[in-house]
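Written out below as structure tokens is the structure these notes cover.
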Amino acid sequence: MSDIGPTGVTTADSATGPGRPGSSRDGFEDESASGEAGTALSAPRRIPRILSPEQRRQRRRLEVAGVVIVAAIGFLVFKGLTSAIVFFKTANEAVAQRATLGNSTFQLEGMVLPGTVHLIRESSGTTVGFVVESSGVKVAVTNTGSPPQLFQPGIPVIVVGHFVGASDRFASDQILVKHSNSYIAAHPNRVRALNGTKR
Amino acid sequence: MRASTRTVPSERVAVALRVLGVASLVGVVATVWLGLFVTPPDEFMGNLVRLLYVHPPMAWVAFLAYGVASLASLLYLWPRTRSERFDRLAGASGEVGVVFTGLTLVSGSIWGRPTWGVWWVWDPLLTTTALLFVLYLGYLALRRVPGEFHVRARRSAIGALIAFIDVPIVYLSVEWWRSLHQAPTVLNPTTHKTYVHGSMAWTLLLGFVSFTLVYTWLVAHRYRLAELQDAQDTEGLEIALAERRAEAVGR
Amino acid sequence: MNGYVEAGYIMVLGTLSSYGVALVAREHAARRRVGTAAVEESIATSADAPVTDLTSPAPRDTPVVMPGELEQDAPGRAP
Chain G
1264 MSDIGPTGVT
1274 TADSATGPGR
1284 PGSSRDGFED
1294 ESASGEAGTA
1304 LSAPRRIPRI
1314 LSPEQRRQRR
1324 RLEVAGVVIV
1334 AAIGFLVFKG
1344 LTSAIVFFKT
1354 ANEAVAQRAT
1364 LGNSTFQLEG
1374 MVLPGTVHLI
1384 RESSGTTVGF
1394 VVESSGVKVA
1404 VTNTGSPPQL
1414 FQPGIPVIVV
1424 GHFVGASDRF
1434 ASDQILVKHS
1444 NSYIAAHPNR
1454 VRALNGTKR
Chain D
48 MRASTRTVPS
58 ERVAVALRVL
68 GVASLVGVVA
78 TVWLGLFVTP
88 PDEFMGNLVR
98 LLYVHPPMAW
108 VAFLAYGVAS
118 LASLLYLWPR
128 TRSERFDRLA
138 GASGEVGVVF
148 TGLTLVSGSI
158 WGRPTWGVWW
168 VWDPLLTTTA
178 LLFVLYLGYL
188 ALRRVPGEFH
198 VRARRSAIGA
208 LIAFIDVPIV
218 YLSVEWWRSL
228 HQAPTVLNPT
238 THKTYVHGSM
248 AWTLLLGFVS
258 FTLVYTWLVA
268 HRYRLAELQD
278 AQDTEGLEIA
288 LAERRAEAVG
298 R
Chain R
2 MNGYVEAGYI
12 MVLGTLSSYG
22 VALVAREHAA
32 RRRVGTAAVE
42 ESIATSADAP
52 VTDLTSPAPR
62 DTPVVMPGEL
72 EQDAPGRAP
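Chains as they are written, first to last, in our numbering: chain G, 1264 to 1462; chain D, 48 to 298; chain R, 2 to 80.
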């Protein structure tokens, strides 16, 4: 760039000569000759080189945005590689890996066995006990806190928690209800509106 | 100069845009009416199923927008089709795509809280979608980095294509990895049987069509705004140059 | 219903309409600033113009940048 710079200026200079007076539109050559002469070695730009305070502020904002965005991308890629790749272990996998899992926290997936759900009321709050099953392997779960409103027997759930002590009992503090991608109209007789609306 | 021989019938464009605007408005109103008042509740989700008519269309439009942005970027990069129009289209579609990705995340979060029980989980589909949002925010920021028009346009186009890599990852994440999120109901990458009951399916379809129309309208307006901004920049530049020339003459 | 559905719809419709209204408003403002006549012309000429690359400056650029300036970038044009 720097080696063509001076030639460029020469060209521009010659262009301002009397040879092409009327051909200029808005006298642009004048600007490239006189204006550019001062900054001849800098990269040729159409935009004036001196930044106004507004432009400088804009640039600063852009730099901050760039840093934030790059950081966010990094964070999300990290999350994707650590949490999202193996989002849960099925009940049979968890039992098989019982020894290595120890008391670490992970997501356990399984079907809530019908007839196993029971509420345990304690002074500290509601606890719900149930059994999840996956590929024939059953794990008893105790969940503290109230389950989500769609929680019911016979559906797949993911519980977040850990095995208790050396047992195969699983203590969770969060139940995630999985949902299929099918949507079936409720039978009119069974419509139990959530808060009185009847549809 | 082909350009000088062809004038854009701006009035006809304006009329077409208005028709498009009315059509998308009618479509959205119909979707909302059907979605909230006509369709039945789901046997499992109850009334929460009504979010089905807005959430998947948001995700679809986001994909569509990024697809259009990538196509326009490719057409810009391809020397024989290189045109300012494609740069503007890519920018317009990218911005609208970011809006729809944001809405995908927000509507999904609002749906997730009552159904799953949480606002957010680091599930593969959700994580890659969040990444998609940030990647295209980055694209929009990249577009604002100053520079010569073609330099800026070219690096933006490359940026758009890099960001697009995440789109198939989002789409296939439910198949590649274990997910809390269900597989897509429409345009399902797997062969899982899905079932959407009669009027629910039609309303969902209408939702897809209506929000696609909304997308088209928004992109058209964003494109026109970009055109005006470019014209304004050119004019501003002319003024600035005229000022500098006056300075030089005065010297 | 139960709050979530309403919140979802309001969020989606609200965001899209504010974005749409903002776009139209910005468009009108820009149109006023540029001046309608200039816009018509610029749209008409820019619509089909290929974009500047190093070897062939776009027609649109011609009125703004004179060859002398562009050539600083172009190799093989030294006097």
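All C-beta atoms in this analysis are idealised placements derived from N, C-alpha and C, irrespective of residue type, glycine included.
Item: Helix, strand or coil at G:V1427 [DSSP, three-state]; Value: coil
Item: CB contact check: G:S1346 to chain D, cutoff 9 Å; Value: yes
Item: Rounded C-alpha distance that separates D:S113 from D:Y218; Value: Looking at the sequence provided, one finds Tyr at residue 113 of chain D rather than Ser. One C-alpha to the other measures close to 13 Å.
Item: Proximal chain G residues relative to D:T42, where beta-carbon distance stays under 9 Å; Value: Not covered by the structure: residue 42 of chain D. The range shown for chain D is 48 to 298.
Item: Cβ contact (3+ pairs, closer than 8 Å) linking the region 1361–1370 of chain G and the region 183–194 of chain D; Value: no
Item: Inter-residue Cα distance where the pair is D:D280 and D:H197; Value: 15 Å
Item: Check whether D:S257 and D:V75 have beta carbons under 9 Å apart; Value: yes
Item: Beta-carbon proximity list for G:S1430, same chain, < 8 Å, skipping 5 on both sides; Value: none
Item: Helix, strand or coil at D:M92 according to DSSP, with G and I counted as helix; Value: coil
Item: G:N1355 (DSSP reduced to helix, strand or coil); Value: helix
Item: Segment contact, 8 Å Cβ cut-off, at least three pairs: the region 96–105 of chain D with the region 283–293 of chain D; Value: no
Item: Start-end ranges of the alpha helix (DSSP H) lying completely within the region 158–213 of chain D, minimum 4 residues; Value: 171–191 and 196–211
Item: Spatial distance of G:R1432 from G:V1375 (CA atoms); Value: 15 Å
Item: Residues that D:M105 contacts on chain R, provided the C-beta gap is smaller than 8 Å; Value: V13
Item: Straight-line Cα distance separating D:E195 from D:A295; Value: 24 Å
Item: Assigned exposure category for G:E1372 - 16 Cβ within 10 Å defines buried; Value: buried
Item: D:R225: first and last residue of the uninterrupted beta strand (DSSP E) it sits in; Value: Per DSSP, D:R225 belongs to no beta strand (DSSP E) and is neither H nor E.
Item: 9 Å Cβ cutoff, G:R1384 in contact with chain D; Value: no
Item: Partners in chain R for D:I157, counting only beta-carbon separations shorter than 8 Å; Value: Y5, A8, G9 and M12
Item: Best match in D:S220, D:R97, D:L81 and D:Y123 for proximity to D:R202 [C-alpha to C-alpha]; Value: D:Y123
Item: G:H1442 (DSSP reduced to helix, strand or coil); Value: coil
Item: Sub-9 Å separation of G:I1438 and G:V1427 beta-carbons; Value: no
Item: Within 9 Å, strictly: CB atoms of D:L227 and D:L67; Value: no
Item: Host alpha helix (DSSP H) of R:T16 (start-end); Value: Y5 to V35
Item: Per-residue contacts from D:S299 into chain G (C-beta, under 9 Å); Value: In the structure as shown, chain D begins at 48 and stops at 298. Residue 299 of chain D is therefore absent and cannot be evaluated.
Item: Below-9 Å beta-carbon distance, D:S117 vs any chain R residue; Value: no
Item: Beta-carbon proximity of R:Y10 to D:G93, cut-off 9 Å; Value: no
Item: Beta-carbon proximity of G:S1398 to G:A1354, cut-off 9 Å; Value: yes
Item: DSSP-derived helix/strand/coil call for G:R1432; Value: coil
Item: Residues, ordered as in the chain, of the region 178–204 of chain D that lie near chain R by beta-carbon distance below 7 Å; Value: F196, H197 and A200
Item: Nearest-angstrom Cα separation, counted from G:V1333 out to R:T56; Value: At R:T56 the pLDDT is 44, less than 50, meaning the model places this residue with poor confidence and gives no usable figure here.
Item: Beta-bridge partners of G:R1384, as assigned by DSSP; Value: G:T1389
Item: Identity of the residue in D:S154, D:L272 and D:T263 nearest D:V72 by Cα; Value: Per the sequence presented here, residue 72 of chain D reads as Leu, with Val not at that position. Measuring from the Cα of D:L72, the nearest candidate turns out to be D:T263.
Item: Length of the line joining the Cα atoms of D:V115 and D:R199; Value: 19 Å
Item: CB contact flag (D:G155, D:G185, <9 Å); Value: no
Item: Alpha carbon of D:P126 to alpha carbon of D:S140, nearest angstrom; Value: 21 Å
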